[in-house]
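*Asks:*
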Amino acid sequence: MTPRAHAHAPSPVLTVDADLRDLRSADRLLHRLAAGLELPEGTFGCTHLVRGQRPRVVVSLSLPSEPHLRTVRERLRADGHGEPAAGLPDASGRAVLYPGASALTGTMTVAELIAASAISGVTVLGAPGPPDPGTRVVTRDHVRPQWQGDALVLAATPARGGVLVPFESPDPTPCCADH
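So the number in our numbering is just where the residue sits in the sequence shown, counting from 1, plus 507.
#1: Between P635 and V629, which are expected to be in contact by the criterion C-beta below 8 Å, what is the C-beta distance as a whole number of angstroms?
#2: Under three-state DSSP, which class holds S627?
#3: Could you spell out the range, first to last residue, of the beta strand (DSSP E) harbouring L568?
#4: Based on Cα-Cα distance, which residue from S518, Q560, V650, G587 lies nearest to G543?
#5: Under DSSP, the beta strand (DSSP E) around A666 begins and ends at which residues?
#6: Less than 8 Å between the C-beta atoms of V523 and L583, yes or no?
#7: I'd like the list of long-range same chain contacts for D685, defined as Cβ closer than 6 Å, with 5 residues on each side in sequence excluded.
#8: Taking only the alpha-carbon atoms, compute the straight-line gap between G633 and G669 and give it to the nearest angstrom.
#9: Does the beta carbon of D597 fall short of 7 Å from some heavy atom of the ligand ATP?
#10: Using the Cα positions of C553 and R601, report the straight-line distance between them to the nearest angstrom.
#11: Roughly how many angstroms separate the alpha carbons of D597 and S676, rounded to a whole number?
#12: Quick test of the definition: if touching needs 3 or more C-beta pairs under 8 Å, does the region 643-658 touch the region 613-622?
#13: Figure out for me which residue from Q560, S624, V579, L620 has the closest Cα to the Cα of L568.
#14: Determine, using beta carbons only, whether L661 comes closer than 8 Å to chain D.
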């Protein structure tokens with residue numbers, strides 16, 4: 508269960524551009540793909556923001572082997588997802604599917620979160636260093652770490668009661684919702 512499998516190791520990667528406009532839709536697509544394609548253990552599924560003339564969110568799947576890649580590519584084509592591109596759109600994906608993600612529920616310590624998943628570290632916004640391994644993290648059942656170089660790192664913020672919460676909220680308020 509090595510995070511390097513997605514960012515920089517030679518594991519096979521596919522990128523799917525379903526012309527999505529937001530992270531929530533991309534998360535749902537990755538979960539549908541995981542269920543429908545029966546993705547193997549060790550798969551990483553990430554979202555990537557694409558800027559430019561046509562801003563959108565694309566998803567990548569990093570698979571444990573070349574035979575898995577061929578099978579997933581064929582199933583994606585058969586399911587109407589077009590021709591997936593080879594490789595990553597960038598190296599800073601936001602992980603939705605990763606080893607241990609389903610175990611990150613409720614409240615756990617930083618050490619437990621790292622031991623249970625492919626996440627290799629936690630950073631606290633505004634803090635000079637990493638949190639104590641015994642610090643409790645209220646996951647809100649929504650843990651979306653980001654690739655930083657070869658490491659999958661969860662950004663967290665302090666919350667009431669001396670606990671941490673993932674920086675990304677499971678139910679964000681849309682910007683300018685009242686306009």
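We put the beta carbon where it would ideally sit given N, CA and C, even for glycine.
Quick caveat: nothing in here was measured; it's all calculated off a predicted structure.
*Replies:* For this structure:
#1: With 8 Å as the limit, P635 and V629 do not qualify as a contact, their Cβ atoms being about 14 Å apart.
#2: S627 falls in the coil class under three-state DSSP.
#3: If you look at L568, you'll find it in the beta strand (DSSP E) that goes 563-569.
#4: Comparing Cα positions, the closest option is G587.
#5: DSSP places A666 inside the beta strand (DSSP E), whose first and last residues are 658-666.
#6: Yes. Within cutoff.
#7: Low confidence applies here, because D685 scores a pLDDT of 44, under 50, leaving its location unreliable; read the following figure in that light. Correct list: empty, nothing qualifies.
#8: When the Cα atoms are used, G633 and G669 turn out to be separated by approximately 15 Å.
#9: No copy of the ligand ATP appears in this structure; indeed no ligand is present at all.
#10: Answer to the nearest angstrom: the Cα atoms are 5 Å apart.
#11: Rounded to the nearest whole angstrom, the CA to CA distance from D597 to S676 is 23 Å.
#12: A contact exists between the region 643-658 and the region 613-622.
#13: Put simply, of Q560, S624, V579, L620 the residue whose alpha carbon is nearest the alpha carbon of L568 is V579.
#14: Looking at the structure shown, chain D is missing, and only one protein chain is on hand.
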